[in-house]
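There are 2 protein chains.
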Amino acid sequence: MPIGTSPALLKELDELVYVRRRLKSGITLYHTGSHCHSLYVVKTGFIKTENLHDDGRTQITGFYMAGEMFGFDGIADEAHMCTSVALEDSEVCIIPLERIENINPDLLRLQHHLYKLMSREIVRDHTMMMLLGSMHGEERLAAFMLNLSHRFHVRGYSPYHLVLRMKREEIGSYLGMKVETVSRIFTKIPGPGAVRCTSKRYYDS
Amino acid sequence: MPIGTSPALLKELDELVYVRRRLKSGITLYHTGSHCHSLYVVKTGFIKTENLHDDGRTQITGFYMAGEMFGFDGIADEAHMCTSVALEDSEVCIIPLERIENINPDLLRLQHHLYKLMSREIVRDHTMMMLLGSMHGEERLAAFMLNLSHRFHVRGYSPYHLVLRMKREEIGSYLGMKVETVSRIFTKIPGPGAVRCTSKRYYDS
DNA sequence: CGGCATCTTGAGTTGGGTCAATGGTCGTGG
DNA sequence: CCACGACCATTGACCCAACTCAAGATGCCG
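Going down the list, the protein sequences come from chains A and B.
Position 84 (the first sequence) corresponds to 84 in this note's numbering; numbering is contiguous.
Just remember that this note's numbering sits 1000 ahead of the position in the second sequence, which is counted from 1.
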């Protein structure tokens, strides 16, 4: 589920970066419907993207951590199709779309990387469709934790000791379950090493 | 959920097309894991893409009809991440990836179109995540039919009289429900005008 | 006409939703 | 420093939508 970027790519991307922006926890970066002029890369912190259904239901479509790129949904119609919110104090790099459109032909390789990143997002989404469409609660949560573990590991953090920056409700929204269900599974599944507390949410796997 | 292509774009895409390929109903175009060298556009017929879970469970991730492009998932790692199968006798255009990578700078607009198409696939996937994560059976089926209706309409067919080329089981796989549930909902929901038969599966909405 | 695949329908079970109560954590202000 | 309130997480009791299992029914094709 991650949208990884290789260090090399990150460096190249840096050249495209226009500005950075700091976001306090809970602040919205962009809203559904607003004009889309940029893509974003998480520099520090944690970002969620969510879709709002008319009747108030929401579905979280992604959690993004340092090094991961998001905002691809806005390219189609030049308007964001979801809302993105910081889960904790965060910093994002802003990459103006015009720079991508008028990209220097020399940077063709970068162009190609962008295709790959978008493709990876699509693969991730298909994985989520599989998860939502044919896995049980326990499996969903397990897959989610394993995925997080992997992403932390890649970034040099312990894959065994996860700090969940999102609330139970948000996990539920992402995995298509209610808070209570998430909570019950957390209680049931974990082996002896499990630790949990609110706000700073630790978890061993 | 459609990956629409404007007529203008289709024309430009034609220049990139290497060959076409006919597929008998039930034939697999590519398998998960096989090397990915192309994208595809449905010329006639109906194509499904599905993900295979280790334990035999499958999740259909998309249905594609005339004019819609698919195969974006293969770009990330140069290997297909799903399997695509013809639901009926079909014809697809094959667009070699190398042509896209070495695209003529004059066709920058085409480049841009490709980004849009991929972005649209991402938006579609997020819609599916919303559907799978927070809608009831009835709502899912309704959304599915409305979407199909819309896509047929765009292509000049009646939006009221749909010909479903996929089986109940496939609809179920796509929408995250079992065959029986799909069948029951079909029985329950439809107004008077509903017609159904096997193989040629008609449906009024 | 018979065989096979698909679809429908029924009966019973269950995973997860709903509602409601409890308890923990944190931030704020007296 | 402690009391209060807001927010979050957990837990229990109950319920229902969707799953499972098991027949039939229907349509397709050789």
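Heads up, the beta-carbon is just placed ideally off N, CA and C, and yes, glycines get one too.
Sub-8 Å separation of residue i and residue j beta-carbons
i: residue 1172 of chain B; j: residue 176 of chain A; result: no
i: residue 1081 of chain B; j: residue 1032 of chain B; result: yes
i: residue 30 of chain A; j: residue 84 of chain A; result: yes
i: residue 1118 of chain B; j: residue 1072 of chain B; result: yes
i: residue 41 of chain A; j: residue 65 of chain A; result: no
i: residue 1181 of chain B; j: residue 1137 of chain B; result: yes
i: residue 206 of chain A; j: residue 35 of chain A; result: Because chain A here runs from 1 to 205, residue 206 of chain A falls outside it and cannot be looked at.
i: residue 168 of chain A; j: residue 183 of chain A; result: yes
i: residue 1129 of chain B; j: residue 129 of chain A; result: yes
i: residue 1143 of chain B; j: residue 1131 of chain B; result: yes
Alpha carbon of residue i to alpha carbon of residue j, nearest angstrom
i: residue 1189 of chain B; j: residue 1140 of chain B; result: 12 Å
i: residue 1095 of chain B; j: residue 1019 of chain B; result: 8 Å
i: residue 75 of chain A; j: residue 109 of chain A; result: 20 Å
i: residue 1135 of chain B; j: residue 57 of chain A; result: 9 Å
i: residue 27 of chain A; j: residue 1163 of chain B; result: 46 Å
i: residue 1037 of chain B; j: residue 179 of chain A; result: 43 Å
i: residue 100 of chain A; j: residue 39 of chain A; result: 9 Å
i: residue 93 of chain A; j: residue 114 of chain A; result: 15 Å
i: residue 1086 of chain B; j: residue 1046 of chain B; result: 6 Å
i: residue 52 of chain A; j: residue 1146 of chain B; result: 19 Å
i: residue 59 of chain A; j: residue 1021 of chain B; result: 39 Å
i: residue 61 of chain A; j: residue 1122 of chain B; result: 10 Å
i: residue 1055 of chain B; j: residue 1024 of chain B; result: 28 Å
i: residue 151 of chain A; j: residue 174 of chain A; result: 17 Å
i: residue 1120 of chain B; j: residue 185 of chain A; result: 35 Å
i: residue 97 of chain A; j: residue 1116 of chain B; result: 12 Å
i: residue 1088 of chain B; j: residue 102 of chain A; result: 41 Å
i: residue 1111 of chain B; j: residue 44 of chain A; result: 31 Å
Residue i: first and last residue of the uninterrupted beta strand (DSSP E) it sits in
i: residue 1061 of chain B; result: 1058–1065
i: residue 50 of chain A; result: 46–52
i: residue 1086 of chain B; result: 1083–1086
With 16 other Cβ atoms within 10 Å as the buried cut-off, status of residue i
i: residue 1160 of chain B; result: exposed
i: residue 158 of chain A; result: exposed
i: residue 1125 of chain B; result: buried
i: residue 63 of chain A; result: buried
i: residue 48 of chain A; result: buried
i: residue 50 of chain A; result: buried
i: residue 1156 of chain B; result: exposed
i: residue 1154 of chain B; result: exposed
i: residue 1170 of chain B; result: buried
Span of the alpha helix (DSSP H) around residue i
i: residue 1024 of chain B; result: Residue 1024 of chain B -> no alpha helix (DSSP H), and no H or E assigned at all.
i: residue 100 of chain A; result: 97–101
i: residue 978 of chain B; result: It is not possible to answer for residue 978 of chain B, since the shown part of chain B is limited to 1001 through 1205.
Any non-hydrogen atom of the ligand FAD closer than 7 Å to residue i Cβ
i: residue 141 of chain A; result: Ligands displayed in this structure: none; no statement on the ligand FAD is therefore possible.
Those runs of the beta strand (DSSP E) which lie wholly inside the stretch 1107–1176 of chain B and span at least 3 residues: 1161–1164
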